[in-house]
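Mapping the sequence shown onto my numbering, position 302 (from 1) lands on 304, and the numbers just tick up by one. C-beta atoms are modelled at their ideal positions from N, C-alpha and C, and glycine is treated no differently. The next block holds one structure in the form of structure tokens; read it before the comments.
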Amino acid sequence: MDRPAPLLATADAHLAEEVQRLAASVGTSPVVTADAGGLLRRWHGPPLVLVGADLVEQAAALRPPRRAGVVLVSSGPLPPGLLRPALDLGVGEVVELPSGSGWLATALGDLEEATRGGPVVGVLGGAGGAGATTFAAALGQLAATQGPVLVVDADPLGPGLDRVLGVEQGEGVGWEVLTTSRGRLSARDLREGVPRRGPLGVLTWRAAQPPRLPDDEQLAEVVEAARRGHDLVVLDLARSRGRAGLLARCDLVVVLVPATVVGVASTVRACAALDDPGRAGLVLVGREADEEAVAHATGLPVLARMTRQRGLDEAVDLGLGPVRHHRGQLGRAAAAVLTRTSLLGRAA
Numbered sequence: 003m004d005r006p007a008p009l010l011a012t013a014d015a016h017l018a019e020e021v022q023r024l025a026a027s028v029g030t031s032p033v034v035t036a037d038a039g040g041l042l043r044r045w046h047g048p049p050l051v052l053v054g055a056d057l058v059e060q061a062a063a064l065r066p067p068r069r070a071g072v073v074l075v076s077s078g079p080l081p082p083g084l085l086r087p088a089l090d091l092g093v094g095e096v097v098e099l100p101s102g103s104g105w106l107a108t109a110l111g112d113l114e115e116a117t118r119g120g121p122v123v124g125v126l127g128g129a130g131g132a133g134a135t136t137f138a139a140a141l142g143q144l145a146a147t148q149g150p151v152l153v154v155d156a157d158p159l160g161p162g163l164d165r166v167l168g169v170e171q172g173e174g175v176g177w178e179v180l181t182t183s184r185g186r187l188s189a190r191d192l193r194e195g196v197p198r199r200g201p202l203g204v205l206t207w208r209a210a211q212p213p214r215l216p217d218d219e220q221l222a223e224v225v226e227a228a229r230r231g232h233d234l235v236v237l238d239l240a241r242s243r244g245r246a247g248l249l250a251r252c253d254l255v256v257v258l259v260p261a262t263v264v265g266v267a268s269t270v271r272a273c274a275a276l277d278d279p280g281r282a283g284l285v286l287v288g289r290e291a292d293e294e295a296v297a298h299a300t301g302l303p304v305l306a307r308m309t310r311q312r313g314l315d316e317a318v319d320l321g322l323g324p325v326r327h328h329r330g331q332l333g334r335a336a337a338a339v340l341t342r343t344s345l346l347g348r349a350a
């Protein structure tokens, strides 16, 4: 598929040259129009619309319909008085060149990811020891047979998803690097920078010292970059507080429920804290509890059921990941979740 081209609307030759040079550095070339009429005619098609400061007032006067991906670009500081027309036009970002060159280059480079934009699935243990990390790894492992997947470790006290998936010896960056950076994160840089095994990437803590936790802004930037660069993003969520920002970014939250009285009681409390139960479902682990009773108690549907898989520890110890056979208990449950949510075309 051809890479989508951005649109640049400006009659300022110097600004056009600056933007075209940045675009060329990341392998793309904008379509250029020098008047507001040309901007309006092409308004809906491009994934990114760059409006020069010289045309923003004229463009706003035409009152085009609202759309995402509109950026106001200027050479040097933005002239005063343009904030109101920029808001009227629906501008989402303002870039002053050359100081904003890095942000703009990253945004332009990310356009090749525009055909992706995969869903985000969070996995949460309804009780301690429910197996959320293992299930998150299994979702990633199975979905990676269809395209690029990133599994994100959001539990700093967990075992480490790189160990569960057998990529702990692989080269790549972890949270230690990303928590020291600010600004827009390139989808390509994230996809190619983390440890990978084929199409399956893992973001976790790579160092043994006490982890530095990412703040809300860093979490949001990483999740959005991951979404742009992968067909599926899986978040292994911690049961502790502080996960609200991540939960809000999930298209689906999968809650692992141990099929015991204590496990179900703990899960009821965990589910009560979800802000949008309509985006959540259960995986019931064990045979002891009735599916309908658990669904009634938690208010969530049961997406899949499984028993503890024999040979799981051995598979992880051998670096094979948790899913040795797609027909096993874990593989079938993961496939059921992916299929029920239209994330995997042929799950079994």
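My understanding is that residue i touches residue j, with C-beta atoms under 8 Å, so please give their C-beta distance in whole angstroms.
i: G142; j: V236; result: 5 Å
i: L57; j: A15; result: That pair is no contact at about 13 Å.
i: P197; j: D164; result: 6 Å
i: S183; j: A227; result: With 8 Å as the limit, S183 and A227 do not qualify as a contact, their Cβ atoms being about 11 Å apart.
i: P324; j: V166; result: 6 Å
i: E20; j: S101; result: Their Cβ separation, rounded to whole angstroms, is 12 Å, which puts E20 and S101 out of contact at 8 Å.
i: L91; j: V72; result: 6 Å
Name the DSSP bridge partner or partners of residue i?
i: R199; result: L202
i: P260; result: V287
i: V236; result: V123 and V153
i: G54; result: V75
i: A306; result: V285
i: V97; result: V75
i: L9; result: V33 and V51
i: V255; result: G124 and A282
Counting only the same chain and skipping the five closest in sequence on each side, list residues whose C-beta sits under 8 Å from that of residue i.
i: M308; result: V285, L286, V287, Q331, L332, R334 and A335
i: P8; result: A25, T30, P32, V33, P48, P49, L50, V51, L52, L110 and L113
i: G313; result: R326
i: E59; result: L84 and P87
i: A222; result: G247 and R251
i: Q22; result: L10, S31, P32 and V34
For residue i, which residues of its own chain have a beta-carbon under 7 Å away from its beta-carbon, when the five flanking residues on both sides are left out?
i: T181; result: R214, P216 and Q220
i: L322; result: G168
i: L42; result: L64 and P66
i: A18; result: L10, T12 and V34
i: G195; result: G174 and V175
i: S318; result: Position check: residue 318 holds Val in this sequence, whereas Ser was assumed. Excluding residues within five positions, the ones whose Cβ falls inside 7 Å are V166 and P324.
i: A261; result: L286, V287, G288, R289, E290 and A291
Residues in the same chain with beta-carbon distance under 6 Å from residue i, minus the five sequence neighbours each way, listed in chain order, please.
i: R241; result: G127
i: T108; result: R186 and S188
i: G172; result: P197
i: T311; result: Note that residue 311 is Gln in the sequence shown, not Thr. The residues are G330, Q331 and L332.
i: R193; result: G231
i: V225; result: R251
i: D218; result: G247
i: G40; result: none
i: G162; result: T206
i: V28; result: A107, L110 and G111
Are the CB atoms of residue i and residue j nearer to each other than 8 Å?
i: A295; j: V339; result: no
i: A61; j: P81; result: no
i: P79; j: E98; result: yes
i: C93; j: L74; result: Cys is not the amino acid found at residue 93; the sequence shown has Val there. In this structure, L74 lies closer than 8 Å to V93 by Cβ.
i: H328; j: L144; result: yes
i: A129; j: V264; result: yes
i: G231; j: R190; result: yes
i: L64; j: A38; result: yes
i: G160; j: G104; result: no
i: A140; j: V259; result: no
i: L249; j: P121; result: no
i: V304; j: E293; result: yes
i: V125; j: F137; result: yes
i: R68; j: W45; result: no
i: A146; j: E178; result: no
i: R281; j: L254; result: yes
i: P201; j: G149; result: yes
inquiry  = Tell me whether the stretch 299 to 306 and the stretch 265 to 275 touch, counting them as touching only if at least three CB pairs, one residue from each stretch, are closer than 8 Å.
reply    = yes
message = So, does the stretch 201 to 208 touch the stretch 146 to 159, judging by three or more C-beta pairs under 8 Å?
response = yes
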